[in-house]
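Undergrad: Questions regarding the structure given below will be posed in turn.
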Amino acid sequence: MKEAKALEASQRPFRKLGVLSSYSAEFLRPYILVESDRIDCLLKPWFGPFNQFEQMVLDDNGLLWRENPDVLWITLRIQDVDRYLLDEYAEIDPLELNERIAVLRRRMADLCRVAREQFKGPILASNFTLLDQNPVNVFDASDPDGVTYAIARQNRILAKELARVNDVYLFDYQACIAAHGGDSWCDRRLWYLARMAVAQSAMKPLAQSLVRSVAAVLRPPAKCIVVDLDNTIWGGVVGDDGPSGIKLGDDYPGSVFKDFQAALLGYRRRGFLLAIVSKNNHELACDVIDNHPEMVLRSDHFAAMEISWDPKPINLRRIAEKLNLGLDSFVFLDDNPVERAQVRAVLPMVEVVELPPDPLGYLPALRNVVSLDRPRLLREDQKRADMYSQEAQRKQFHDKHEGIDEFLSGLKMTAKVGCLDPHALDRVHQLIGKTNQFNLTTRRHPLDDIRRFGESERHEVAWLRLRDRFGNLGLVCVGIVKQAEDAIWEIDTFLMSCRVMGRGVEDAFLSYLAELAMEHGAARIRGVYAKTDKNQPVAMFYQDHGFAQIEHPNENTWIFEKELRTNAFPWPSRIERTDS
Amino acid sequence: MLESLESRVRKVISEVFAIPVEQVRKETTQHDIKNWDSTNVLHLILSLESEFGMTFDVDELTEFTSVETILSIIKRKDAGQ
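Just so you know, the sequences run in chain order A and B.
The first sequence begins at 42 in the numbering used here and counts up one residue at a time.
The second sequence begins at 7 in the numbering used here and counts up one residue at a time.
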């Protein structure tokens, strides 16, 4: 309580969470403050008057929008809105029962759609449940037309509907109650006196699940999970016990480690890279990884391996360099508290997971890592880990070829360029939200603005997709050009995924942007470099492409221009071009 | 013993309503504390329940109107246990 008041009054950066609920949720305030701060994503909640969803969402100048929240949570309980459904449903037919819950589902979906038009931030909508209500009929689930399945059916439709609205996500209220226990979820005294539907003992778990979901939609997820070997992904020490002596297999305790490996592989399938940092004999460790019959993870699953006696912070840095990723996107798993402490001290930006001494606790600890929650899985995410493995093959290929030119030509790159379309929107938004290094202005445009630019006559939102002989690299460049003056078009955004740096793809993309500007009648093109902590690699980008500096309005901003003539920005010959 | 019960109650009240503990006296009532509203009084009740490890009945909750009545409710419950 005291802690919550201090957080509420503090000047620390925070986001505002707007809450619209069918009960009086105000009691959650201190819990939301404390639990969000605990995961470094401080949220200050604002509670709309309860049960006034449409009034709040529809009124352009009303209370809610004047509060200007960063993220919105809408939670609607069946028993608040259709109070006697449970008592009445024994005498109504299945169609009517289904329809009564469908009414609520449509109401929730409409609220989200209307809010989407008014509001730029992410929206979370709770799914429906009656787990917090003592069931009137313990055999309800044996009736295929009963309320249990009617709710499940409508939740499924709700999930499908919300997936079609940008930046709207389902908050799994049902799972949250199930995990904590429906019996103790509601305190009838609080309900009857204050219309508060959550007991005090349930406020903390609810706030924890909620802030975790909110953090996942507000913050970019981690990118790489780095694991130690001995006593982390297998039991025992291979240097002491030998490859056949380590514990890994289908019987305890080897089964614990095997399951842990399977879980890590699951994360890889969801787009996280895996890497190894281990103090070990390199040959011995590789022998286990490649040849141990019970290993789930093999060397092609790892985007990088640093197995040596060097300190772990040094090896982590090597991996970051190799993968061209920031260390702040790393999650580090190591059973040894001394190693963890060293990494924490030397590389505070790396997220070090506090693994418990008992390996049985490893998996729950991994599941609790908030930065590994990904609200929506894009196709690019699923393929990412494979792309990095292909990248390793490319590097080998690179080593075999001497000159950079020869290497690049040998890659047989094909680029497809085009302007914003619905298929590209999510990926364009994702790259705008997370690209740090090759990003000239680092403007984090919200989804709605991107869509608006795409429709505007005075803007073009462009992308580039790349393939090469090793595989498909997907959508890797995003650019936004806009009319700044009559005949001057400005590059508002120019960014490129770091996995294709060093191949001249940016020359191709710049050529395409210049072409778009010329089609709009521009005579000059303007570029802006806005310096950040991370985009040093592109500081000279415009100079290198023949732009002249025209202004330096503040210490972190430089403005350049260049005349647009045919062939002022030639398309590089080693990249084949296809237009969409 | 009674002294410590009273000071514990006063401390909880001062935390819930965010006022210095000196401003909470035995004769303080709901009218003396500006933000003594229905929400905060429930926060107070929940905090007292955790502090003293007891559960109040719904009818008792409506009696939480002054430091004195709160003390007597807690003492009554304590004696009953």
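All C-beta atoms in this analysis are idealised placements derived from N, C-alpha and C, irrespective of residue type, glycine included.
1) Considering only residues of the same chain and omitting the five flanking positions on each side of Asn-53 (chain B), which have a CB-CB separation below 6 Å?
2) At 7 Å on the CB atoms, spell out the chain B contacts of Ala-303 (chain A), in chain order.
3) Measuring alpha carbon to alpha carbon, tell me which residue in A:Asp-585, A:Val-546, A:Ala-558 is nearest Ser-614 (chain A).
4) With a threshold of 6 Å on Cβ separation, who are the neighbours of Glu-617 (chain A) within its own chain once the five nearest residues in sequence on each side are excluded?
5) Which residue marks the beginning of the alpha helix (DSSP H) containing Asp-509 (chain A), and which one marks its end?
6) Quick check on Asp-533 (chain A): does DSSP put it in helix, strand or coil?
7) Could you say which of A:Lys-46, A:Trp-87, A:Ile-192, A:Asp-375 lies nearest to Leu-126 (chain A) if we only look at CA atoms?
8) Please report the distance separating the alpha-carbon of Val-252 (chain A) from that of Gln-215 (chain A).
9) Would you grab the beta carbon distance between Ile-566 (chain A) and Ile-532 (chain A) for me? Rounded to a whole angstrom, and I think it's under 8 Å.
10) Counting contacts by CB-CB distance shorter than 9 Å, is Ala-248 (chain A) in contact with chain B?
11) Determine the DSSP secondary structure at Thr-170 (chain A), reduced to helix, strand or coil.
12) Let me check one thing: in DSSP terms, what residues is Gln-25 (chain A) bridge-paired to?
13) Ends of the beta strand (DSSP E) at Tyr-64 (chain A)?
14) Should Ala-345 (chain A) and Leu-314 (chain A) be called a contact, given that it needs their Cβ atoms to be closer than 9 Å?
15) Find out if the Cβ-Cβ distance for the pair Tyr-570 (chain A), Asn-576 (chain A) is shorter than 9 Å.
16) Any C-beta of chain A within less than 7 Å: which residues of the segment 11-28 of chain B qualify?
17) Enumerate in chain order the residues of its own chain whose CB-to-CB distance from Leu-67 (chain B) is below 7 Å, with the five nearest sequence positions on each side excluded.
18) From which residue to which residue does the beta strand (DSSP E) around Leu-516 (chain A) run?
19) Tell me, please, which residues DSSP counts as bridged to Tyr-210 (chain A).
20) Mind checking whether Ala-316 (chain A) and Phe-298 (chain A) have CB atoms under 9 Å apart?
21) Short check: CB of Arg-236 (chain A) to CB of Val-64 (chain B), under 9 Å?
22) Whose Cβ in chain A lies nearer than 9 Å to the Cβ of Ser-44 (chain B)?
23) Considering Thr-189 (chain A), what are the terminal residues of the beta strand (DSSP E) in which it resides?
24) Under 9 Å, Cβ to Cβ, is there at least one residue of chain A near Ile-76 (chain B)?
25) Beta-carbon of Glu-76 (chain A) versus every beta-carbon of chain B: anything under 9 Å?
26) How do the segment 514-530 of chain A and the segment 495-505 of chain A stand: do at least 3 beta-carbon pairs fall below 8 Å, yes or no?
27) Pull up the distance between the alpha-carbon of Val-258 (chain A) and that of Arg-415 (chain A), whole angstroms please.
28) Thinking C-alpha only, which one of A:Met-244, A:Ala-303, A:Thr-273, A:Gln-590 is nearest Phe-68 (chain A)?
29) For Asn-356 (chain A), count neighbouring Cβ atoms within 10 angstroms of its own Cβ and tell me buried if that reaches 16, exposed if not.
30) Please state the DSSP three-state secondary structure of Pro-389 (chain A).
31) Taking Cβ-Cβ distances shorter than 8 Å, what residues in chain B pair up with Leu-104 (chain A)?
32) May I ask which residues mark the beginning and end of the beta strand (DSSP E) holding Glu-617 (chain A)?
33) Identify the contact partners of Leu-67 (chain B) in chain A, using a Cβ-Cβ distance below 7 Å as the criterion.
34) Within the 9 Å Cβ cut-off, does Lys-245 (chain A) reach chain B?
35) Taking its Cβ as the centre, do 16 or more other Cβ atoms sit within 10 Å of Met-336 (chain A), making it buried, or is it exposed?
36) By DSSP, does Gln-52 (chain A) sit in helix, in strand, or in coil?
TA: Looking at the coordinates:
1) Residue numbering aside, residue 53 (chain B) sits at position 47 when the second sequence is read from its first letter. In the sequence as displayed, the identity of residue 53 (chain B) is Ser instead of Asn. Val-18, Val-22, listed in sequence order.
2) Walking along the first sequence from the start, residue 303 (chain A) turns up at place 262. The premise fails here: Ala-303 (chain A) is roughly 41 Å from chain B at the closest Cβ pair, so nothing lies under 7 Å.
3) Residue mapping note: residue 614 (chain A) aligns to position 573 of the first sequence, counting from 1. Selected option, being the one with the closest Cα: A:Val-546.
4) As a first step, residue 617 (chain A) must be located in the first sequence, where it is residue number 576. For Glu-617 (chain A), where only same-chain residues beyond five positions count, the Cβ hits under 6 Å are Thr-455.
5) Mapped onto the first sequence, residue 509 (chain A) falls at position 468. That residue, Asp-509 (chain A), is in no alpha helix (DSSP H); its beta strand (DSSP E) goes 500-509.
6) Walking along the first sequence from the start, residue 533 (chain A) turns up at place 492. Strand.
7) Along the first sequence, read from residue 1 onward, the residue named residue 126 (chain A) stands at position 85. Selected option, being the one with the closest Cα: A:Ile-192.
8) Start at 1 with the first residue of the first sequence, and residue 252 (chain A) comes out as number 211. Start at 1 with the first residue of the first sequence, and residue 215 (chain A) comes out as number 174. Using only the alpha carbons, I get a separation of about 16 Å.
9) For this step, residue 566 (chain A) is matched to residue 525 along the first sequence. For this step, residue 532 (chain A) is matched to residue 491 along the first sequence. About 7 Å separates the Cβ atoms of Ile-566 (chain A) and Ile-532 (chain A), confirming a contact at the 8 Å cut-off.
10) Your numbering for residue 248 (chain A) matches position 207 in the first sequence. Taking a beta-carbon distance threshold of 9 Å, Ala-248 (chain A) does not count as an interface residue toward chain B.
11) Position 129 of the first sequence, counted from the start, is the residue given in the question as residue 170 (chain A). DSSP places Thr-170 (chain A) in the coil class of the three-state scheme, outside both helix and strand.
12) The structure shown does not extend to residue 25 (chain A), since chain A is modelled only from 42 through 621, so no value can be given for it.
13) Working through the first sequence from its first residue, we reach residue 64 (chain A) at position 23. It is not in any beta strand (DSSP E) - Tyr-64 (chain A) carries neither H nor E in the DSSP assignment.
14) On the first sequence, position 304 is the one that residue 345 (chain A) refers to. On the first sequence, position 273 is the one that residue 314 (chain A) refers to. Taking 9 Å as the cut-off, the Cβ atoms of Ala-345 (chain A) and Leu-314 (chain A) count as close.
15) As a position in the first sequence, residue 570 (chain A) is number 529, starting the count at 1. As a position in the first sequence, residue 576 (chain A) is number 535, starting the count at 1. The answer is yes: Cβ separation under 9 Å.
16) Legend: CB atoms of the segment 11-28 of chain B lying less than 7 Å from CB atoms of chain A belong to residues Glu-21, Val-22, Ala-24.
17) Counted from its first residue, the second sequence places residue 67 (chain B) at position 61. If you ignore the 5 residues before and after Leu-67 (chain B), its C-beta comes within less than 7 Å of the C-beta of Ile-51, all in its own chain and listed in chain order.
18) As a working note, residue 516 (chain A) is residue 475 in the first sequence. Counting along the chain, the unbroken beta strand (DSSP E) around Leu-516 (chain A) starts and ends at 512-526.
19) In the first sequence, residue 210 (chain A) corresponds to position 169, counting from 1. Secondary-structure assignment with DSSP links Tyr-210 (chain A) through a beta bridge to A:Leu-165.
20) Within the first sequence, numbered from 1, the residue matching residue 316 (chain A) stands at position 275. Within the first sequence, numbered from 1, the residue matching residue 298 (chain A) stands at position 257. Remark: C-beta atoms of Ala-316 (chain A) and Phe-298 (chain A) do not approach each other more closely than 9 Å.
21) In the first sequence, counting from the first residue as 1, residue 236 (chain A) sits at position 195. In the second sequence, counting from the first residue as 1, residue 64 (chain B) sits at position 58. In this structure, Val-64 (chain B) does not lie closer than 9 Å to Arg-236 (chain A) by Cβ.
22) Numbered from 1 along the second sequence, position 38 holds the residue referred to as residue 44 (chain B). Result: Leu-234, Ala-235.
23) Residue numbering aside, residue 189 (chain A) sits at position 148 when the first sequence is read from its first letter. Element bounds for Thr-189 (chain A): not the beta strand (DSSP E) but the alpha helix (DSSP H), 188-204.
24) Along the second sequence, one-based indexing puts residue 76 (chain B) at 70. No, its Cβ sits nowhere closer than 9 Å to a Cβ of chain A.
25) In the first sequence, residue 76 (chain A) corresponds to position 35, counting from 1. Residue-level contact by beta carbon fails for Glu-76 (chain A) and chain B, as no gap is shorter than 9 Å.
26) The segment 514-530 of chain A makes contact with the segment 495-505 of chain A, as at least three CB pairs between them are under 8 Å.
27) Position 217 of the first sequence holds residue 258 (chain A). Position 374 of the first sequence holds residue 415 (chain A). A direct Cα-Cα distance of roughly 8 Å separates Val-258 (chain A) from Arg-415 (chain A).
28) What you label residue 68 (chain A) is simply residue 27 of the first sequence in a count that begins at 1. If we check each option's Cα against that of Phe-68 (chain A), A:Met-244 comes out closest.
29) Taking the first sequence and counting its residues from 1, one reaches residue 356 (chain A) at position 315. By the neighbour-count rule (16 or more Cβ atoms within 10 Å), Asn-356 (chain A) is buried.
30) What you label residue 389 (chain A) is simply residue 348 of the first sequence in a count that begins at 1. Coil.
31) Numbered from its first residue, the first sequence carries residue 104 (chain A) at position 63. What Leu-104 (chain A) touches in chain B: nothing, since even the nearest Cβ is about 17 Å away.
32) As a working note, residue 617 (chain A) is residue 576 in the first sequence. In the DSSP assignment, Glu-617 (chain A) falls within the unbroken beta strand (DSSP E) covering 616-620.
33) For the purposes of this step, residue 67 (chain B) is taken as residue 61 along the second sequence, with counting starting at 1. Per Cβ cutoff of 7 Å: Arg-230, Leu-234.
34) The count along the first sequence starts at 1 and reaches residue 245 (chain A) at position 204. It does not: the Cβ of Lys-245 (chain A) has no partner Cβ on chain B nearer than 9 Å.
35) One-based indexing of the first sequence puts residue 336 (chain A) at position 295. Buried, by the Cβ-count rule.
36) For the purposes of this step, residue 52 (chain A) is taken as the residue at position 11 of the first sequence. Residue state, collapsed to three classes: coil.
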